[in-house]
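There are 2 protein chains.
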Amino acid sequence: MDSRSGPGDNGPFHPTRRHPTPFTMPTTSIRSLLAGDVPLGSTVTIEGWIRTRRDSKAGLSFLQVNDGSGFDPIQVVAEASLPNYQEQVAHLTTGCAVAVEGKLVPSQGKGQSVEVKAHRVEVVGRVDDPDTYPVSAKRHTFEYLRTVAHLRPRTNTFGAVARVRHALSMAVHSYFHDHGFFWIHTPIITASDAEGAGAMFRVSTLDLANPPRLEGGGIDSSADFFGRPSYLTVSGQLNVEAYCLALSKVYTFGPTFRAENSNTTRHLAEFWMIEPEIAFADLDDDADLAEDFLKSILRTLLDERGDDMAFFADRIDKDCVRRVESFVESSFERMDYGDAIKTLEAAIDRGKRFEFPVSWGADLQSEHERYLTEEHVGRPVVVMNYPKEIKAFYMRLNDDGRTVAAMDVLAPGIGEIIGGSQREERLDVLDARLDESSLDRDAYSWYRDLRRYGTVPHAGFGLGFERTIQYVTGMANIRDVIPFPRTPGNADF
Amino acid sequence: MDSRSGPGDNGPFHPTRRHPTPFTMPTTSIRSLLAGDVPLGSTVTIEGWIRTRRDSKAGLSFLQVNDGSGFDPIQVVAEASLPNYQEQVAHLTTGCAVAVEGKLVPSQGKGQSVEVKAHRVEVVGRVDDPDTYPVSAKRHTFEYLRTVAHLRPRTNTFGAVARVRHALSMAVHSYFHDHGFFWIHTPIITASDAEGAGAMFRVSTLDLANPPRLEGGGIDSSADFFGRPSYLTVSGQLNVEAYCLALSKVYTFGPTFRAENSNTTRHLAEFWMIEPEIAFADLDDDADLAEDFLKSILRTLLDERGDDMAFFADRIDKDCVRRVESFVESSFERMDYGDAIKTLEAAIDRGKRFEFPVSWGADLQSEHERYLTEEHVGRPVVVMNYPKEIKAFYMRLNDDGRTVAAMDVLAPGIGEIIGGSQREERLDVLDARLDESSLDRDAYSWYRDLRRYGTVPHAGFGLGFERTIQYVTGMANIRDVIPFPRTPGNADF
């Protein structure tokens with residue numbers, strides 16, 4: 001089955017699959033039933049959790065049951081003639097687990113095509129004290145739900161976030177696989193502390209209360225697990241470059257870390273990043289890849305998770321589907337950093353006000369990026385060739401001697417979404433940049449080797465995965481788009 | 001394109017793609033050319049690295065060029081009439097990067113179907129001192145190659161390992177996606193130190209040389225980044241259970257950590273693990289999933305990476321392809337732990353010798369597992385229902401009160417490859433098991449919540465990804481199946 005056409009049937013993975021309940025029919029996913037994959041009139045078994053129960057005067061109950069396979073629950077009609085109706089069914093509450101065997105019939109109600117007329121409802125797991133169920137059917141704030149991160153995936157919002165996250169993840173892998181890239185598992189623990197991308201967490205097995213000391217009183221890191229100070233990685237880029245210069249097209253997709261004390265809606269201490277790297281490629285190729293890749297994974301998201309995206313548009317951010325559709329249909333503008341500065345200066349001349357000053361040599365602030373992509377161009381824009389002073393040592397020096405082949409992809413509604421560059425492939429230029437940046441050549445000897453032996457032009461970029469999810473869903477706080485967020489003071493669950 | 005039918009064309013990802021070389025044709029992957037995707041007689045451009053150069057007496061050179069897209073290089077025929085033949089082409093050595101434009105023609109040589117008759121050979125990156133090129137064309141030991149882990153993917157063996165690793169990774173994601181599972185990114189940093197699965201790395205931002213102290217002299221962890229001691233995870237299972245009880249079918253695929261001082265060919269401090277978790281499922285369902293999943297991903301590997309697997313069979317482990325084929329075609333035996341013990345005791349009675357004693361209540365040692373799967377059954381076997389004393393607290397207590405619903409999947413040629421269990425879904429039984437294990441109920445309050453609210457039978461397993469790669473390739477040392485291995489004393493690169 002085409003992995004990009006949507007998730008497969010939620011049904012049995014094996015023809016002999018039994019389930020712990022004594023029903024004879026294999027379980028079907030609610031998503032499949034609602035999608036019309038099963039003929040009307042069939043006897044079906046579903047397993048899931050009660051969203052709501054509504055009792056009719058006619059002496060029957062309507063159960064909304066969801067199994068997480070899609071956004072929408074299915075309605076189960078449970079009549080009073082069921083043997084356990086009075087004792088069990090009529091007392092079902094939000095969160096109770098049930099298995100239902102019944103007939104798939106056209107729905108009488110609005111907003112759903114089919115429902116299940118129950119022959120049998122088995123209560124698998126109860127909610128003992130419904131009044132204190134932490135994720136009861138009433139509205140809860142996202143702030144509160146963060147305190148019950150183990151239960152929040154049962155809510156509409158966080159179930160939808162989890163499915164969107166999965167769909168985008170799978171789209172990332174499928175895109176790269178289909179285009180001949182190899183996924184490289186770059187290391188999480190690193191002894192390199194000099195990448196300069198931010199504060200790092202130290203990883204250690206030493207007894208913090210009583211670590212071995214050197215004569216001068218410093219820590220004897222030779223006694224630590226790796227024989228020297230080690231840290232959590234801030235990026236897999238340098239490592240994946242080594243594989244790029246052997247396999248041509250590679251990418252990372254894994255957790256990265258920042259030990260910065262940032263309590264904002266856009267920062268996590270632990271977040272996932274996607275970093276492709278392509279050989280025999282320059283900055284234009286890199287921008288081509290970024291555009292094609294982003295549009296492709298967002299198109300897949302729209303195709304696969306229309307149910308969840310409709311919810312986000314309805315309840316979280318009414319523009320989100322339109323924003324993603326427009327992104328997918330747009331053609332990215334390309335703009336030189338120098339032209340971006342001129343554009344901003346011209347805007348100021350016309351009366352536009354920015355908080356931060358604009359001048360050649362300064363980094364673009366979020367307000368500038370938003371102006372360029374939202375007001376000036378009105379679609380995504382790739383700003384290219386930044387001053388070398390504000391960019392990392394590994395970015396390729398342009399012929400002008402003062403800019404590097406760096407790019408940022410800016411998008412309406414978010415600003416910077418991707419940062420990338422062509423890498424400096426010339427050893428002598430790289431060495432000069434290391435020296436300028438006061439970095440030790442010896443610490444980069446293996447990285448320099450890549451330029452000594454069969455070096456080629458190559459380029460890549462980084463995409464913060466959580467910010468991408470925020471962008472498409474409109475979820476305001478980054479803590480709400482990762483299952484168990486890690487932030488200053490919080491490593492709960 | 002079906003993501004399970006093989007990687008896509010290695011060609012341009014965008015119709016306007018340029019490349020930094022001045023050639024007019026877009027680049028084609030060598031894998032595509034060898035697969036016959038391009039008509040004979042076409043003008044093609046390839047970009048890659050020289051494996052070997054052989055000069056013919058007729059005044060031309062045969063260049064073996066590889067771009068990492070597949071195992072096999074393509075032969076480029078470079079005639080002396082090329083303008084840069086004498087000065088450049090005739091001096092190309094292993095590892096040099098080239099771009100070649102030429103005509104795709106039937107090959108004269110043996111072992112290849114097509115070759116490229118070069119119109120033009122551009123040297124993109126040289127190897128300055130070929131005599132000291134660390135991964136020259138001669139044979140190198142794996143031990144040596146670990147010291148040049150940044151260059152080893154350029155060798156036949158490590159290029160093949162990287163492609164096999166990718167193919168299996170993608171097969172894992174495709175299998176789960178096609179079966180309605182969601183990939184859940186469980187946290188790497190955890191404040192839970194009580195999972196009991198092994199020694200943990202501490203993660204900290206405190207100044208090790210001078211940490212803040214409590215009055216009694218202990219470390220004041222409230223001043224640490226997360227406000228308390230935190231660690232690198234040993235498993236995502238407990239976290240992913242929370243998502244299982246909302247989305248029904250979920251899995252993790254990410255790095256996990258052990259701070260054990262194990263210098264063996266089977267242990268890494270940082271390794272990748274795959275952990276599916278299914279709701280409304282018992283131990284039999286878990287075994288069904290394990291069997292179907294393992295056979296599916298190995299079948300995909302054989303389909304996609306015949307080139308690399310042929311190399312492993314030729315050079316590393318002559319049985320590897322046969323072993324994987326036989327695995328894929330087998331039907332797994334299921335055996336109760338009690339019967340496994342009886343089988344081993346009967347073997348001892350018949351004169352079989354084991355190093356470790358066999359008795360009900362003792363864990364199976366590797367030699368026992370190998371006997372069961374290789375000699376007794378002759379195919380994979382799932383041993384089920386182990387004594388509770390030797391298994392983790394979260395495994396479901398069986399009705400006999402002395403065994404738990406745990407399983408190990410044993411396979412010929414490796415022994416244990418998967419460990420899993422049905423989880424204890426009954427709060428009172430779980431609490432009793434926590435108490436028996438001297439674990440603090442409060443530390444597991446969120447995990448216990450999952451049993452208080454809509455609990456359901458559920459099950460899952462863990463597959464060590466590196467051991468799976470070792471199994472299929474025959475690579476003897478686990479350090480050789482991950483790009484940059486982390487082991488005691490080593491966090492290089």
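Protein chains in written order, with full-length UniProt numbering: chain G, 1 to 493; chain S, 1 to 493. For each residue, glycine too, the CB sits at the ideal point set by N, CA and C.
Residue environment for D67(G): buried (at least 16 other C-beta atoms within 10 angstroms of its C-beta). Cα atoms of P39(G) and G48(G): separation of roughly 21 Å, rounded to the nearest angstrom.
Assigned with DSSP and collapsed to three states, F356(S) falls in coil, not helix or strand. Here the alpha carbons of R54(G) and G95(G) stand approximately 14 Å from one another. Under the three-state reduction of DSSP, K117(S) is assigned to strand. At a C-beta separation below 7 Å, E270(G) has these neighbours in chain S: P187, I188 and I189.
Chain S has a Cβ within less than 8 Å of the Cβ of S230(G). Taking all protein chains shown into account, P357(S) has fewer than 16 neighbouring C-beta atoms within 10 Å of its C-beta and is therefore exposed.
For V328(S), no beta strand (DSSP E) encloses it; the enclosing alpha helix (DSSP H) starts and ends at C320 to E329. Per the DSSP secondary-structure output, R54(G) pairs in a beta bridge with F62(G).
At a Cβ-Cβ threshold of 8 Å, T27(G) and F181(S) do not count as neighbours. Ranked by how close their Cα comes to the Cα of F311(G), the residues R31(G), L60(G), F71(G) and S56(G) have F71(G) in first place. What W49(S) touches in chain G, judged by beta-carbon distance under 7 Å, is G454, going in chain order. Taking 8 Å as the cut-off, the beta carbon of I188(G) is found no closer than this to the beta carbon of V240(G). In the displayed model, I316(G) falls within a helix according to three-state DSSP.
Between V203(S) and S235(S), the gap from beta carbon to beta carbon reaches 8 Å or more.
Any Cβ of chain S closer than 8 Å to the Cβ of Y133(G) would place that residue at the interface, and such an atom is present. Taking a C-beta cut-off of 9 Å against chain S, the contacting residues of the stretch 119-147 of chain G are V124, G125, R126, V127, D128, D129, Y133, P134 and V135, listed in chain order.
Where E369(S) is concerned, the enclosing alpha helix (DSSP H) starts and stops at S366 to R370.
When the alpha-carbon of E122(G) is set against those of V89(G), V250(G) and D128(G), the nearest one is in V89(G). Under the three-state reduction of DSSP output, T186(S) falls in the coil class, being neither helix nor strand.
Taking 8 Å as the threshold, the shortest C-beta distance from W360(G) to chain S does not fall below it. Residue contact check for Y471(S) against chain G: no CB pair falls below 8 Å. At least one C-beta of chain G is nearer than 8 Å to the C-beta of H177(S). Here V77(G) carries a strand assignment [DSSP, helix/strand/coil]. Here L283(S) is near M384(S), since their CB atoms are less than 8 Å apart. Spatial neighbours of T205(S) in its own chain (CB-CB distance under 7 Å, excluding positions within 5 residues in sequence) are listed in chain order as D224 and F225. Between S421(G) and P380(G), the C-beta gap is not smaller than 8 Å, which leaves the two residues out of contact.
Between A411(S) and T373(S) a beta carbon distance of about 6 Å is seen, short of the 8 Å cut, so the two are scored as contacting. DSSP, reduced to helix, strand and coil, places S262(G) outside both helices and strands of the structure shown, so it counts as coil.
Across the set G419(S), A78(S), L33(S) and V456(S), the C-alpha of G419(S) shows the shortest separation from the C-alpha of E275(S).
Residue-level contact check: R448(G) does not touch chain S, since none of the beta carbons of chain S fall below 8 Å from its beta carbon. Per DSSP, the unbroken alpha helix (DSSP H) holding D307(G) starts and ends at G306 to F311. Counting of Cβ neighbours within 10 angstroms places Q470(G) among the buried residues, the total reaching 16 or more.
Contact of Y243(S) with chain G by beta-carbon distance below 8 Å involves P153, A162 and P483. Non-local C-beta neighbours of D480(S) in its own chain, meaning closer than 6 Å and more than five positions away in sequence, comprise F142, ordered along the chain.
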